[in-house]
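Okay, so here's the structure we're looking at.
In the working numbering, the protein residues as written are 4 to 168.
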């Protein structure tokens, strides 16, 4: 039977800063724009990206690309259980930094990062690093994942059950 609880997970993407020895500083990326894409539970890919707000790649380590992007997900009971499983198994939210391409170049994944989903990180800013295909840090971004009160309580209850086993 369906519950009446509202399970909401919110994702906030803040500012991206280029790392000191990043390949993104190369002039090849001068007029390139970026977005962030991710995979969250079983939500469709079109609901998992910041592509409405394409930003230019910062040209130095002092400049930021400010996404200030927020996305809310309302989870049904099945998705709530799936999130619980992800947390129990230590799964993290995988996010990709994507070069949106231009007339002469198709889009490409520039780097990947992983964001913690556990309840101990609820509503806390996580500074995570995007690493390129060679596992070299190219940029850092701040991410916040927040859970609604009802969802947080259910996820924490699941954690207590695990600890008592």
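Cβ atoms here follow ideal geometry from the backbone N, Cα and C, with glycine treated the same way.
Values in this document were obtained by computation on a predicted structure and should not be read as measured data.
Under the DSSP definition of a beta bridge, residue 126 lacks any partner. Minimum Cα-Cα distance from residue 111 among the listed residues 24, 49, 35 corresponds to 35.
Here residue 114 has 100, 133, 134, 135, 141 as same chain residues with Cβ atoms under 6 Å from its own Cβ, once five neighbours each way along the sequence are excluded. One thing to note: residue 28 has its Cβ within 9 Å of the Cβ of residue 64. In the pairwise beta carbon analysis, the region 114-131 is classified as touching the region 84-102: at least three pairs are separated by under 8 Å. Here the alpha carbon of residue 50 sits roughly 13 Å from the alpha carbon of residue 38. For a cut-off of 8 Å, the C-beta gap from residue 143 to residue 22 is around 6 Å, short enough to register as a contact.
In this structure, the alpha-carbon of residue 154 lies about 28 Å from that of residue 55.
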